[in-house]
Amino acid sequence: SVSEDKVWTTVYHDLQMQTSVGGNSLEKLSVLQLNYSATMDQISAITSSAEYCEQFISYSCKMSRLLNTPEGNPYTWWVGKANEKHYYWGGSGPGIQKCACGIERNCTDPKYYCNCDADYKQWRKDTGMLSYKEHLPVSQVVVGDIDRPGSEAKISVGPVRCQGDGNYWNAASFVTSSSYLHFSTFQGETSADISFYFKTSASDGVFLENLGNTDFIKLELKSATEVSFSFDVGNGPVEIVVRSPNQLNDDQWHRVNAERNVKQASLQVDQLPLEVRKAPTEGHTRLELYSQLYVGAAGGQRGFLGCIRSLRMNGVTLDLEERAKVTPGVKPGCSGHCTSYGMYCANGGKCVEKYNGYSCDCSKTAYDGPFCIKDVGAFFEEGMWLRYNFHSPGTSMKDLVSRTLLSSTDPESIAPDLNLNKEELSFSFSTTKSPCVLLYISSYTQDFMAVLVKPSGNLQIRYSLGGTKEPYNIDVDHRNMANGQPHTVNITRNGRDIVLQLDHYPPTSYSLPAASDIQFNSPKALFLGKVIEIGKIDQDIYKYNTPGFTGCLSRVQFNQIAPLKAALRPTNASSHVHIQGELVESNCGASPLTIPPMSAATDPWHLDSASADFPYNGQAIGDGVNRNSAIIGGVIAVVIFTILCTLVFLIRYMFRHKGTYHTNEAKGAESAESADAAIMNNDPNFTETIDESKKEWLI
1 SVSEDKVWTT
11 VYHDLQMQTS
21 VGGNSLEKLS
31 VLQLNYSATM
41 DQISAITSSA
51 EYCEQFISYS
61 CKMSRLLNTP
71 EGNPYTWWVG
81 KANEKHYYWG
91 GSGPGIQKCA
101 CGIERNCTDP
111 KYYCNCDADY
121 KQWRKDTGML
131 SYKEHLPVSQ
141 VVVGDIDRPG
151 SEAKISVGPV
161 RCQGDGNYWN
171 AASFVTSSSY
181 LHFSTFQGET
191 SADISFYFKT
201 SASDGVFLEN
211 LGNTDFIKLE
221 LKSATEVSFS
231 FDVGNGPVEI
241 VVRSPNQLND
251 DQWHRVNAER
261 NVKQASLQVD
271 QLPLEVRKAP
281 TEGHTRLELY
291 SQLYVGAAGG
301 QRGFLGCIRS
311 LRMNGVTLDL
321 EERAKVTPGV
331 KPGCSGHCTS
341 YGMYCANGGK
351 CVEKYNGYSC
361 DCSKTAYDGP
371 FCIKDVGAFF
381 EEGMWLRYNF
391 HSPGTSMKDL
401 VSRTLLSSTD
411 PESIAPDLNL
421 NKEELSFSFS
431 TTKSPCVLLY
441 ISSYTQDFMA
451 VLVKPSGNLQ
461 IRYSLGGTKE
471 PYNIDVDHRN
481 MANGQPHTVN
491 ITRNGRDIVL
501 QLDHYPPTSY
511 SLPAASDIQF
521 NSPKALFLGK
531 VIEIGKIDQD
541 IYKYNTPGFT
551 GCLSRVQFNQ
561 IAPLKAALRP
571 TNASSHVHIQ
581 GELVESNCGA
591 SPLTIPPMSA
601 ATDPWHLDSA
611 SADFPYNGQA
621 IGDGVNRNSA
631 IIGGVIAVVI
641 FTILCTLVFL
651 IRYMFRHKGT
661 YHTNEAKGAE
671 SAESADAAIM
681 NNDPNFTETI
691 DESKKEWLI
């Protein structure tokens, strides 16, 4: 993927910086030739495919004019690509016979457009970047005004620097399985180097093919997890296959790189291991092709459905976009922007426009995957629990305790400034054990919310927002929920109104009693599996809390918070999570939410077969829980005993040393000029770091 750090490709030449010309010279013109470390064809390939190129040029002068001549022809010019002469200088542009100061209107003499054209006896200079890449590189500089007494000049030309790949997003969309683009025959007799990116939802299709009499070369997606590179140079067909552990038809970009030379052939897909095949020691080595190169469907075969971009054959990028403009069944660029396909970002996923396409941002959801439809869930063993703290991370357990104790005496002093008038909670679960606590939200006040499975296996939602003696309970008595099947719970509260939707049953509305407060004051933490909270806990919840929930929880979302996802995927919110036990990721056998099929007209690839998403069920770990509990109890006892011993020793030691204190001042502080200097002198880590963004490729 493209990172924000800019990678520069740099090509050097042999002209010294500040090369002197003139100085009592009798020559009318001085020609400076630049010889580069790469051929002009190679440099041309770099500049033409780059997004941006630049080359620094500087003219230092003493009585040596640069551009402005009485006849209108400049004294000095430079020669660029294709031996063209150019009469503009660094910091200016084509067709403008000026230097940078002429553009900025700050030249030494306002009558002229270059500092050097003032013709002063003191040294002056005109410098700047040449950045019109079609004219680069500078191959010659011809200096003219150096034949008068006292005329002197110095020339500096920097290396050519290019960044970005202008062809990186040169893409085409293949809309039907018979669509193809054709190009001239691939010239790869002794060596072939082919690379491209593809994205698709189809499970197979030919990427490209070029035929000879018997010789051929071909790249194809053989299945949803296999890419094949096959060819015949006259010794019989050879095939190399890379098998991916993950699906390649996930509508994400994947990179393919295939190479062949007289010694060996290789194929790589993404970062998967390179597959290599040695060439036979005897026999043919030349690949003789005569047909056109077909990208997509060739010779009646099922062609590739989807997008291909940045297709390079032996260093040359094929212009897929231009060819696609005049080819039926193929569209330039890559179809699929938010206006057309944004609705396929499900479950609150946000559609994000990409340069050529779109992606779904699932960060504010409890889901994962390219369309935010993949469940993120986990299997909980007995006694396991997860806590998600709503307050800012970095608070230790000790702080939590003191905070909770403080809150009972003076809640206003520390309680976060957060009171909820409405909340939205949704999750899925499966269990065979009851009673249990599925989810509990605590607060710095007496308010709480809980979702429980009662001993009968029925579901209960319990709200306590203050104002009433007893919590408000919603009992769902018509169904046993502890039947091992996945169940989905959606609870929405807005003020006094509560709407509950269970599985595929119609939503049911409830209302908090008139005496009840409608604000959930100062939420503190969300618990899954078990409640480990300090202070008074509701009696029923206390009873249901042991031994704890056993089963699966998935797609848990409370307002904008997805606690399970924060625990299983590294996100900004991960530091809010504390887990007791080891979470085993699973989607709990929940069938993934299906999205309605696209019509053939709107589907960018129009698939014949959709890929199935098989749920992975985390394995329950049954026996041995009681034995583990005994071992853990023993370990905890030993740890507590050790801590007590250490505390006794420390207290005795502190009383013995009472009255002495040490400063931990930085060594060398006396001689340092300031506190910062002292720290820099002392701290070995206070070294300069190299700016990662300034990487250079040298040719």
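Taking full-length UniProt numbering, the leading residue of the sequence shown gets 1, the next gets one more, and so forth.
Each residue gets a CB set at the ideal place from its N, CA and C atoms; glycine is no exception.
Using the Cβ count rule (16 or more neighbours within 10 Å means buried), how would you classify residue i?
{"i": "residue 93", "result": "exposed"}
{"i": "residue 105", "result": "exposed"}
{"i": "residue 264", "result": "exposed"}
{"i": "residue 643", "result": "exposed"}
{"i": "residue 237", "result": "exposed"}
{"i": "residue 65", "result": "buried"}
{"i": "residue 178", "result": "exposed"}
{"i": "residue 524", "result": "buried"}
{"i": "residue 17", "result": "exposed"}
{"i": "residue 246", "result": "exposed"}
{"i": "residue 360", "result": "buried"}
{"i": "residue 8", "result": "buried"}
{"i": "residue 637", "result": "exposed"}
{"i": "residue 318", "result": "buried"}
{"i": "residue 533", "result": "buried"}
{"i": "residue 227", "result": "buried"}
Is the beta carbon of residue i sitting closer than 8 Å to the one on residue j?
{"i": "residue 73", "j": "residue 114", "result": "no"}
{"i": "residue 553", "j": "residue 346", "result": "no"}
{"i": "residue 181", "j": "residue 323", "result": "yes"}
{"i": "residue 261", "j": "residue 268", "result": "no"}
{"i": "residue 34", "j": "residue 140", "result": "yes"}
{"i": "residue 165", "j": "residue 49", "result": "yes"}
{"i": "residue 292", "j": "residue 184", "result": "yes"}
{"i": "residue 312", "j": "residue 196", "result": "yes"}
{"i": "residue 368", "j": "residue 588", "result": "no"}
{"i": "residue 206", "j": "residue 309", "result": "no"}
{"i": "residue 210", "j": "residue 320", "result": "no"}
{"i": "residue 333", "j": "residue 422", "result": "no"}
{"i": "residue 161", "j": "residue 61", "result": "no"}
{"i": "residue 198", "j": "residue 306", "result": "yes"}
{"i": "residue 201", "j": "residue 249", "result": "yes"}
{"i": "residue 472", "j": "residue 516", "result": "yes"}
{"i": "residue 176", "j": "residue 329", "result": "yes"}
{"i": "residue 89", "j": "residue 128", "result": "yes"}
{"i": "residue 270", "j": "residue 286", "result": "no"}
{"i": "residue 557", "j": "residue 385", "result": "no"}
{"i": "residue 223", "j": "residue 193", "result": "no"}
{"i": "residue 121", "j": "residue 144", "result": "no"}
{"i": "residue 437", "j": "residue 541", "result": "yes"}
Going by DSSP, what residue range makes up the alpha helix (DSSP H) through residue i?
{"i": "residue 323", "result": "320–325"}
{"i": "residue 544", "result": "539–544"}
{"i": "residue 568", "result": "563–568"}
{"i": "residue 43", "result": "40–49"}
Tell me which residue opens and which closes the beta strand (DSSP E) that residue i is part of.
{"i": "residue 362", "result": "Segment: none, residue 362 is in no beta strand (DSSP E) and carries neither H nor E."}
{"i": "residue 422", "result": "422–430"}
{"i": "residue 19", "result": "19–22"}
{"i": "residue 332", "result": "330–332"}
{"i": "residue 182", "result": "180–183"}
{"i": "residue 278", "result": "275–278"}
{"i": "residue 78", "result": "77–79"}
{"i": "residue 442", "result": "436–443"}
{"i": "residue 308", "result": "306–313"}
{"i": "residue 16", "result": "Taken as a continuous stretch (DSSP letters only), residue 16 belongs to no beta strand (DSSP E), as it is neither H nor E."}
Could you round the C-beta distance between residue i and residue j to whole angstroms and report it? I think they count as a contact, below 8 Å.
{"i": "residue 551", "j": "residue 433", "result": "7 Å"}
{"i": "residue 240", "j": "residue 282", "result": "Rounded, the Cβ-Cβ distance is 20 Å, inconsistent with contact."}
{"i": "residue 530", "j": "residue 548", "result": "4 Å"}
{"i": "residue 134", "j": "residue 81", "result": "7 Å"}
{"i": "residue 244", "j": "residue 272", "result": "6 Å"}
{"i": "residue 522", "j": "residue 456", "result": "That belief does not hold up - the Cβ atoms of residue 522 and residue 456 are roughly 33 Å apart, past 8 Å."}
{"i": "residue 481", "j": "residue 463", "result": "19 Å between Cβ atoms; not a contact."}
{"i": "residue 512", "j": "residue 491", "result": "Actually they are not in contact, since the Cβ atoms of residue 512 and residue 491 sit about 13 Å apart, beyond 8 Å."}
Counting contacts by CB-CB distance shorter than 8 Å, is residue i in contact with chain B?
{"i": "residue 321", "result": "Checking the listed chains, one finds no chain B in this structure; it contains a single protein chain."}
Worksheet item: In chain order, which continuous runs of the alpha helix (DSSP H) of length 4 or greater are located wholly inside the stretch 478–555?
Response: The qualifying runs are 539–544.
Item to complete: Note down, one range per segment and in chain order, each beta strand (DSSP E) of at least 3 residues found wholly within the stretch 190–262.
Response: Within the stretch 190–262, the complete beta strand (DSSP E) runs of at least 3 residues are 192–199, 205–211, 216–223, 226–232, 238–243, 254–260.
Discussion item. What ranges does the alpha helix (DSSP H) occupy inside the stretch 92–163, keeping only unbroken runs of at least 4 residues that lie completely in it?
Written reply: Contiguous alpha helix (DSSP H) elements confined to the stretch 92–163 occur at 100–104, taking only those with 4 or more residues.
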